[in-house]
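A.B. asks: Dropping the structure in here first, questions after.
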Amino acid sequence: MGHNRPTPVTLPNGAEWSVPADTLRTRRGHDFYPTLAQRAAIPALYGTEDIPTPEKVVHLHYFGGACMNWFVTELDPSCGLAFGWAHISDGEWGYFLLPELESISYGPGLVIERDLYWEPKPVREVPQIARVARF
Numbered sequence: 001m002g003h004n005r006p007t008p009v010t011l012p013n014g015a016e017w018s019v020p021a022d023t024l025r026t027r028r029g030h031d032f033y034p035t036l037a038q039r040a041a042i043p044a045l046y047g048t049e050d051i052p053t054p055e056k057v058v059h060l061h062y063f064g065g066a067c068m069n070w071f072v073t074e075l076d077p078s079c080g081l082a083f084g085w086a087h088i089s090d091g092e093w094g095y096f097l098l099p100e101l102e103s104i105s106y107g108p109g110l111v112i113e114r115d116l117y118w119e120p121k122p123v124r125e126v127p128q129i130a131r132v133a134r135f
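Residue numbers (UniProt numbering): 1 to 135.
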């Protein structure tokens with residue numbers, strides 16, 4: 001799927017955040033992408049590789065229905081590439097693109113949503129990861 005050209009924004013920490021188009025915002029009812037303050041708190045890719053997995057902080061949670069979850073621990077703001085835990089059928093650590101998640105529409109008009117009530121917390125405190133991850 002094609003995406004509109006991102007609009008670059010400079011974050012308080014000096015990094016550039018290229019905010020992609022929020023193509024399904026009307027259907028979703030809220031912004032898919034994190035606020036600038038949330039984004040500024042997320043480490044860059046590889047920024048947590050020296051932190052033990054249970055202590056890594058999950059900054060964002062995205063979900064689709066009851067069985068699809070994406071937990072963001074690192075993010076490249078220039079392209080929206082995230083690293084974290086993805087649980088679709090079997091959970092695993094890996095990379096995923098936020099713009100791709102934003103564009104997913106499944107079922108009768110359902111979309112992937114950002115958990116607006118998510119508070120950053122260590123991996124060990126996230127039940128969806130802790131019960132199946134091996135650390």
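Built from N, CA and C at the ideal position, the CB exists for glycine as well.
Report the partner residues of Arg114 according to the DSSP bridge assignment.
C.D. replies: DSSP output for Arg114 lists Tyr62 as bridge partner(s).
A.B. asks: In the DSSP output, which residue or residues are listed as bridge partners for Leu24?
C.D. replies: Answer is none; Leu24 lacks a bridge partner.
A.B. asks: If you draw a straight line from the C-alpha of Val132 to the C-alpha of Val126, how long is it?
C.D. replies: Each residue's Cα considered, the two are about 11 Å apart.
A.B. asks: Please report the straight-line C-alpha distance between Glu55 and Ile129, rounded to a whole angstrom.
C.D. replies: About 12 Å.
A.B. asks: Out of Pro43, Cys79, Thr73 and Pro20, state which residue places its alpha-carbon closest to the alpha-carbon of Phe32.
C.D. replies: Looking at the Cα atoms, Pro20 is the closest of the given residues.
A.B. asks: Does DSSP put Glu119 in a helix, a strand or coil?
C.D. replies: Coil, per DSSP.
A.B. asks: Could you pull out every residue in the same chain whose Cβ sits closer than 6 Å to the Cβ of Phe71, ignoring the five residues on either side in sequence?
C.D. replies: Cβ neighbours of Phe71 beyond the five flanking positions: Val58, His61, Gly84 and Trp85.
A.B. asks: I need the straight-line Cα distance from Phe96 to Leu81, nearest angstrom please.
C.D. replies: C-alpha separation (whole angstroms): 6 Å.
A.B. asks: With C-beta atoms as the reference, is Ser105 less than 8 Å away from Leu45?
C.D. replies: Cβ atoms of Ser105 and Leu45: not closer than 8 Å.
A.B. asks: What number of angstroms, rounded off, separates the C-alpha of Val123 from the C-alpha of Trp93?
C.D. replies: Distance between the alpha carbons of Val123 and Trp93: 12 Å.
A.B. asks: Among residues of its own chain, excluding the 5 on either side of His30, which ones have a beta-carbon nearer than 8 Å to its beta-carbon?
C.D. replies: Cβ neighbours of His30 beyond the five flanking positions: Glu113, Arg114 and Leu116.
A.B. asks: Beta-carbon separation of Leu101 and Gly65 under 8 Å?
C.D. replies: Not closer than 8 Å, so no.
A.B. asks: Ordered along the chain, which non-local residues of its own chain (more than five positions away) have a Cβ less than 6 Å from that of Trp118?
C.D. replies: Excluding residues within five positions, the ones whose Cβ falls inside 6 Å are His61.
A.B. asks: Taking the alpha-carbon positions, what's the Thr26 to Pro108 distance?
C.D. replies: Distance between the alpha carbons of Thr26 and Pro108: 15 Å.
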